[in-house]
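J.: One structure, pasted below without further comment.
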Amino acid sequence: MSERYNIKETEKKWRDIWAERKSFEVTEDTSKPKSYVLAMLPYPSGRIHVGHVRNYTLSDVVARYKKAKGFNVLNPMGWDALGLPAENAAMERGTHPKDWTYENIAQMKAQLLSMGLAIDWSREVATCDPDYYKHEQKMFLDFYKKGLAYRKESVVNWDPIDNTVLANEQVVDGKGWRTGAPVERRKMSQWFFKITKYADELLQGIETLDRWPDKVRTMQHNWIGKSQGMNASFPINGTDEKLDIYTTRPDTFYGASFFAMAADHPLAKKLAGDKEGFDAFIQECQSVGTSEEAIEKADKLGFDTGYTVTNPFTGEELPLFVANFILMDYGTGAIFGCPAHDNRDHEFAKKYGLKIVQVVESPEGTPDVQDEPYIGPGKIINSEDFNGMEVDEAKAAVITALEEKDMGEGATVYRLRDWGVSRQRYWGCPVPVVYRESDGACIPVPDDQLPVELPYDINYDEPGNPLDRHPTWKYTTCPETGEPAIRETDTCDTFFESSWYFLRYLDPKNEERGFSDEKSGYWMPVDQYIGGVEHAVLHLLYSRFFTRALKDCGYEVPDEPFAGLFTQGMVTHATFEDADGNWCFPAEVEQRDGNWVKISDGAPVKQGAITKMSKSKKNVVDPEDILDAYGADAARLFILSDSPPERDLEWTEGGIEGAWRFVNKLHRSLTDILGNLPDKDTTQPSKFSENAKKLRSQTHQAIAGVADDIEAFHMNKAVARIRELSNALSGFKAKDEADYWAQREGYEALICLINPVMPHLAEELWEQMGHDTILAETQWPKHDEALLANDTVTIGVQVNGKVRATITMDSDASKDDYEKVALEQDGVQKALEGKSVKKMIVVPGRIVNVVAG
RNA sequence: GCGGCUGUGGCGGAAUGGUAGACGCUGCGGACUUAAAAUCCGUUGUCCUUAGGACGUGGGGGUUCAAGUCCCCCCAGCCGCACCA
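Residues 5 to 857 (our numbering) make up the first sequence, in order.
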């Protein structure tokens, strides 16, 4: 009997050895191909959750595999350490954001270490460290000097609970993404990054990202939202004003029946401000709210200004409305409406009794546009000179016609807005500028005075920004004139830090610059980025903007920071609810006689929906408990088993136990027969039994197959193959020396294959096999092509497409052999009774199909 | 509403157009044990009484010697966007 595998001791032993040997610390090495494997950096909340475990297990498998394949692998880790939760904790518990953050980092790091990750910890960064944000402030100023960062007065989304400004992207259904509070609109002076300058580049760049999920590419594509149309400008009759409109359907001018502008359009108040009912109308527009349902249900509302605009083509005077469905911040904030060919315009026209004139004919007959608008392609009608043209042709012709009259021009509009980065918060990177008191000039803080460091002595006695009401911090002098000046008290959106952290990892100790061109040139781009799909738009788009902006500021970086992206699925768990409707933690319940009950008092609980783990529903498991009870290898194995990584993973107690059993079984099955196996460098026998040949074939198929699976991110299939090989090896009955040799070969391969998944167990078994090398520093086994093919193949024989027999053939059998053997089968003969063979389909190694009738 | 993804046993999931259900979980039977746990062996898509057969990849059509896989139509679920002119 072998000794039971002591998971805890053994796992710790190997982690210590890796750390001592600095197995995962890397430097630039041009003799090897490089591979930059990156997991999205965590926010230091204090405890890792199962989503982290999944994320870092995946990146670790890739990192360890790539290293074994001879790559110089960089796999770093750090902390996205600035942001609101630290301030919320400070307010709730009286701690300091900095202390709270660093304590959390220490705790989480200990948890991550116990996962046994192949991380180069010497490159660890925390974004709240002044040595980190110092370089970020330099970048901010580089952007400022290039015109890529600017200040403007703008209406912002104000979160009344967090007392801060939110980016458009942080507003979900009209509510703050974190607090869920309805967002208010306020006007403030704000800092922006000019991401729109790169709108087209960012859009085109998506095409080159062929190792990104299509889903993410589509989302970014839609987010940028390029549309091509035209701007046109027409006089408003009876005034000196002109109405600027944007349209993507200049081909439908002849079908126009009204003009309309946004409620907050400057001309709206100017032209109609004193009209009766206007104020009430504006109020109604604003009260509709921005929630999903409100928008869905909101009626199209319009207010007739009483003015008209003349249709330049028909000469018709059309009414000018203020309408609630026109957005001020898209295009020009005004449109012309063609009810026959636009859903919204149609609804509006129906409501206000405006005429509906069809100007595009559907190729499949003429639909009745009075009932429903027609949006598709077709030929232009009712449009004089443009009749008979296709839609696209007519668009171009109308643009040309209006350009000739000097009334408009072709225009491209993007949905993407500039990135507002100002936050009225303490725990963020200070914007490194001062405002001179004498003239209000905005003066950048000189490089040699960076970083502008956050003061430690702050308090949360009052709402608002502690920086703003700090007694001394913001009072300074102008670096140019020495006059009194006030510091900017806004700090940056924390997406700023995460937009370049992958560059800081490359050169984390560099005091002069954020990173050197040389290191960036060697390591970039990231070869494999792994993280949650929730960052599909924001973080990934900002990072793509950042590399382009940095490049324009003279840094050496590729346009695209992430060559490969993988987005993992969520981790879900069953929910449990007691009779009183209270949620229960999975650890509080157990199954007795098929029913779920509370462990404490046996009270029945109901198993509910399987949903994403969330604290509110208590359907969470604590990774620390799991790692403690089952060990890192079992946790990693379970995470990778069964579910494909891009799909949701259901965490089950049975599943983790199954993984744990496999870890123990592997250890046991090898240690039980270890004494029988030949020593490690025993020469290969010249002859093998049929059984040994088969085993060797399985071994080499597994070596090749697991590698393919990992490269394709089919981790669940890799695990299945590993289990198959393991089953074959433990079930193998060795009868002679050659058999044992083959069995040893198989086990050695198996150990190498499990290494990316269960590195501690792999090292332990490797050592027990007599090796004095470290598996973390050992190359992936080479498979023998000649052994991949089996000597024989077993295939099905079909009669008219239905399987009637299976036959086993030599793998070099001829088509004639196949036909002959196939027809001899009883099942085939029986199926052929009363029929004659019309045709034989023979695909050697695949199938025989007898066509009979 | 628009766009995308997914649909296979009791469950998670495998299947370059070629033996559907690999691998695992669960269940059932057995061995070991005073007993249990652990472990090991067998079995586990559905239906028909068995030898054996029939049916089976959300539903309906089609292409093909052969369809889970390709094409068309429909249904359901999930995700993203949300009046973007």
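Using N, Cα and C, we set each Cβ at its ideal position, and we do this for glycine too.
With a cut-off of 8 Å on the beta carbons, I'd call L206 and R725 a contact; round off their distance for me.
T.: Wrong, their Cβ atoms sit about 40 Å apart, outside the cutoff.
J.: Around the C-beta of M119, are 16 or more other C-beta atoms found within 10 angstroms, so that it is buried, or is it exposed?
T.: M119 is buried by the Cβ-count criterion.
J.: Should C289 and L275 be called a contact, given that it needs their Cβ atoms to be closer than 8 Å?
T.: Not in contact: C289 and L275 (Cβ atoms no closer than 8 Å).
J.: Taking a contact to mean a Cβ-Cβ separation below 8 Å, would you say Y509 touches V77 in this structure?
T.: Contact: no.
J.: Take the Cβ of Y9 as the centre, count every other Cβ of all protein chains shown within 10 Å, and call the residue buried at 16 or more, exposed below.
T.: It is buried - the Cβ of Y9 has at least 16 other Cβ atoms within 10 Å.
J.: Could you tell me the alpha carbon to alpha carbon distance between P450 and A43, rounded to whole angstroms?
T.: P450 and A43: Cα-Cα distance of roughly 34 Å.
J.: Taking just the CA atoms, how far does V417 sit from N853?
T.: Approximately 59 Å, taken between the alpha carbons.
J.: Please classify G709 as buried or exposed, where buried requires at least 16 other C-beta atoms within 10 Å of its C-beta.
T.: With 16 or more Cβ atoms within 10 Å of its Cβ, G709 is classed as buried.
J.: Enumerate, from N- to C-terminal direction, the unbroken alpha helix (DSSP H) stretches of 4 or more residues contained entirely within the stretch 656 to 691.
T.: Correct list: 657 to 677.
J.: Taking C-alpha atoms, which residue in T61, F566, S503 lies nearest to L542?
T.: The candidate whose alpha carbon is nearest that of L542 is S503.
J.: Which residue or residues does DSSP assign as beta-bridge partners of M4?
T.: For residue 4 there is no data in the structure shown, the boundaries of the chain being 5 and 857.
J.: Using three-state DSSP, classify E91 as helix, strand or coil.
T.: Helix.
J.: Using the C-alpha atoms, what's the distance from A639 back to H100?
T.: So the alpha carbons of these two residues sit roughly 34 Å apart.
J.: At what residues does the beta strand (DSSP E) containing T571 begin and finish?
T.: Residues 569 to 572.
J.: Could you check how far apart the C-beta atoms of T798 and T810 are, in whole angstroms? I think they sit under 8 Å.
T.: Confirmed, Cβ separation roughly 6 Å.
J.: Mapping DSSP to helix, strand and coil, what is L641?
T.: Note: L641 maps to helix in three-state DSSP.
J.: For D494, which residues from the same chain have a beta carbon less than 7 Å from its beta carbon, with the 5 sequence-adjacent residues on both sides left out?
T.: Cβ within range, chain order: W195, S426, R427, Q428, V435.
J.: In three-state terms, what does DSSP make of V537?
T.: Three-state result, V537: helix.
J.: Could you check which residue in L641, P46, I228 has the C-alpha nearest to that of V723?
T.: Comparing Cα positions, the closest option is L641.
J.: Give me the Cβ distance between F499 and C433, rounded to the nearest whole Å; I'm assuming they're in contact under 8 Å.
T.: Actually they are not in contact, since the Cβ atoms of F499 and C433 sit about 11 Å apart, beyond 8 Å.
J.: Could you tell me the alpha carbon to alpha carbon distance between A567 and Q532, rounded to whole angstroms?
T.: Roughly 7 Å separates the two Cα atoms.
J.: DSSP three-state call for F197: helix, strand or coil?
T.: Three-state result, F197: strand.
J.: What do you get for E767, buried or exposed, if any count of 16 or more other CB atoms within 10 angstroms of its CB means buried?
T.: Label assigned to E767: buried.
J.: Taking three-plus beta-carbon pairs below 8 Å as touching, is the stretch 374 to 390 in contact with the stretch 334 to 351?
T.: Yes, the stretch 374 to 390 touches the stretch 334 to 351.
J.: Pull up the distance between the alpha-carbon of K824 and that of S815, whole angstroms please.
T.: The straight-line gap from Cα to Cα measures roughly 15 Å.
J.: Just verifying my parser: in three-state terms, what is the DSSP assignment at D582?
T.: Three-state result, D582: strand.
J.: Looking at the secondary structure, which residues open and close the beta strand (DSSP E) in which Q611 lies?
T.: First-last of the beta strand (DSSP E) with Q611: 609 to 616.
J.: Anyone know if the C-beta pair for F263 and L247 falls short of 8 Å?
T.: It is a contact, given that the beta carbons lie within the stated cut-off.
J.: Take A753 as the anchor and find which of Q702, A540, V220, A90 has the nearest alpha-carbon.
T.: Cα-wise, what sits closest to A753 is Q702.
J.: Helix, strand or coil for M411 per DSSP?
T.: In the structure shown, M411 sits in coil (DSSP, three-state: anything other than H, G, I, E or B).
J.: Does the stretch 518 to 531 come into contact with the stretch 23 to 40, if we say contact requires no fewer than three beta-carbon pairs (one atom in each stretch) closer than 8 Å?
T.: Yes, since at least three Cβ pairs between the stretch 518 to 531 and the stretch 23 to 40 fall closer than 8 Å, the two stretches touch.
J.: Closest by CA to T61, which one among S27, L116, F75?
T.: Answer by Cα proximity: L116.
J.: Helix or strand or just coil, what does DSSP make of I490?
T.: Of the three classes helix, strand and coil, the one that applies to I490 here is strand, per DSSP.
J.: Quick one: Cα of D740 to Cα of A746, how far?
T.: Distance between the alpha carbons of D740 and A746 is about 10 Å.
J.: Could you check if Q572 is buried or exposed, using at least 16 other CB atoms within 10 Å of its CB as the buried criterion?
T.: The residue is buried, with at least 16 neighbouring Cβ atoms inside 10 Å.
J.: Alpha carbon to alpha carbon, how far is K523 from Y559?
T.: Taking the straight line from one Cα to the other gives about 11 Å.
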